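One structure is given below, encoded as structure tokens.
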Amino acid sequence: MKKLLLLLVMLLAACSQQAADDPSPQPQPTPTEEQPSTEEPAETPETEIDLHDYFMPNQSIASFLGDGNEYATYTLSTQHLYENYIGTLEDNGGTVMQRIYRVEENRIVKIFEQAEAYDADFPALSELESMPELEIYLSLPFEVGHEFNGWTITDTNASLETPYQNFSDVLVMEQEGSDGSILQKYFAQGFGEVKRVFKMPGGEGEQFEVTSTLESVE
């Protein structure tokens with residue numbers, strides 16, 4: 615009887631040791647699913663426009679080929695007078711027109727204009743700073759439909775062929791007169807005005823048209 619009891623105790627001890635050496639498997643934690651990133655993509659900043667780029671280069675002489683009128687052909691001399699002041703002399707063979715512009719943050723304004731400027735000289739900076747605005751020459755934003763001083767922007771990425779070169783991303787603006795005439799100007803970055811068009815309706819559906827188109831830059 616004692617032998618049987620001892621054998622039973624030894625058997626139970628062996629079973630307990632096996633249970634300790636081989637524990638039941640524990641449930642594994644469920645891995646957390648990664649959530650997709652909700653970070654917003656960074657916005658591309660708008661290209662900043664420098665209005666100084668809408669004039670011919672400093673000390674340049676540009677020639678424009680005219681069609682439709684003898685005075686449509688002209689030369690344009692450009693001088694960058696001071697940081698924000700630019701002067702031009704436009705010679706069409708009949709007269710010389712002197713103009714001075716002031717470049718501001720969001721627009722270009724004309725502050726001086728004089729015909730018969732055969733011996734033109736440009737004023738000192740102090741005098742230029744005191745000159746009042748005559749009219750707005752060009753104004754931001756460059757968006758279709760934007761209006762200023764009677765002008766309306768009609769295109770901002772036009773293509774234009776000229777004798778000098780082909781241009782893309784050309785800014786086109788238009789002004790309509792009370793007589794039905796239409797004046798158009800074409801601007802290219804790095805050159806300024808590269809074409810000018812004047813249209814006047816005539817009789818029997820005909821149209822009188824005068825153009826001045828950039829031919830060379832020296």
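Numbering (the working numbering) for the sequence shown: 615 to 832.
Glycine included, every Cβ here is placed at the ideal spot set by N, Cα and C.
Since the model is a prediction, treat every value here as computed from it, not as a measurement.
Beta-carbon proximity check, residue i vs residue j, cutoff 7 Å
i	j	result
L828	F678	yes
S593	R810	No statement about residue 593 is possible, as the shown extent of the chain runs from 615 to 832 and does not include it.
Y699	Y751	no
M745	I725	yes
F669	G806	yes
E747	N763	no
Y778	S830	yes
Residue of the options minimising C-alpha distance to residue i
i	options	result
E757	Q803, T770, G682 and G764	T770
G759	L742, Y751, L748 and Q789	Q789
A802	E743, S782, S830 and L754	S782
G701	L785, Q673 and T768	Q673
E823	A731, L665, L797 and N780	L797
T692	I663, M787, A734 and V784	A734
A738	E761, E697 and G707	E697
N683	Y800, G707, I663 and E662	G707
Buried versus exposed, by CB contacts within 10 Å (16 or more), residue i
i	result
E832	exposed
Q685	Checking the sequence shown, residue 685 turns out to be Tyr, not Gln. Label assigned to Y685: exposed.
T709	exposed
I767	buried
Y732	exposed
S753	buried
D635	In this prediction, D635 has a pLDDT of 49, which is less than 50 and means its spatial position is unreliable; what the coordinates show is noted afterwards. Exposed, by the Cβ-count rule.
A676	buried
Cβ shell of residue i (< 6 Å), same chain only, five flanking positions each side left out
i	result
E727	R713
G680	A686, T687 and S826
F736	L695 and G701
A772	V784 and V786
V717	L665, H666 and N698
F812	L797 and V824
W765	M787 and Q789
Contacts around residue i, its chain only, beta-carbon distance under 7 Å, and the 5 residues preceding and following it disregarded
i	result
I815	In the sequence as displayed, the identity of residue 815 is Pro instead of Ile. G794 and Q821.
D705	Y688 and T689
D667	Q803 and G804
N565	The structure shown has nothing for residue 565, since the chain only spans 615 to 832.
K799	M787, E807 and R810
Residues of its chain near residue i, where Cβ-Cβ distance is below 8 Å and the 5 sequence neighbours each way are ignored
i	result
F776	Position check: residue 776 holds Thr in this sequence, whereas Phe was assumed. Only V808, K809, T827, L828 and E829 meet the Cβ criterion.
C629	Because C629 carries a pLDDT of 43, less than 50, the predicted location of this residue cannot be relied on, and the following value inherits that uncertainty. Closer than 8 Å at Cβ, skipping near neighbours: no residue.
E730	T709 and V710
Legend entry - Secondary structure, beta strand (DSSP E): runs of 3+ residues fully inside the segment 705 to 765: The DSSP assignment places 710 to 717, 721 to 728 and 749 to 753 as complete runs of the beta strand (DSSP E) inside the segment 705 to 765, in order along the chain (cut-off: 3 residues).
Inset, instruction - Could you pull out every unbroken beta strand (DSSP E) segment of at least 3 residues lying fully inside the segment 662 to 688, listed in chain order? - result: 674 to 681
Legend entry - 3-residue-minimum beta strand (DSSP E) runs that sit fully inside the segment 787 to 824, ordered along the chain: 796 to 802 and 806 to 815
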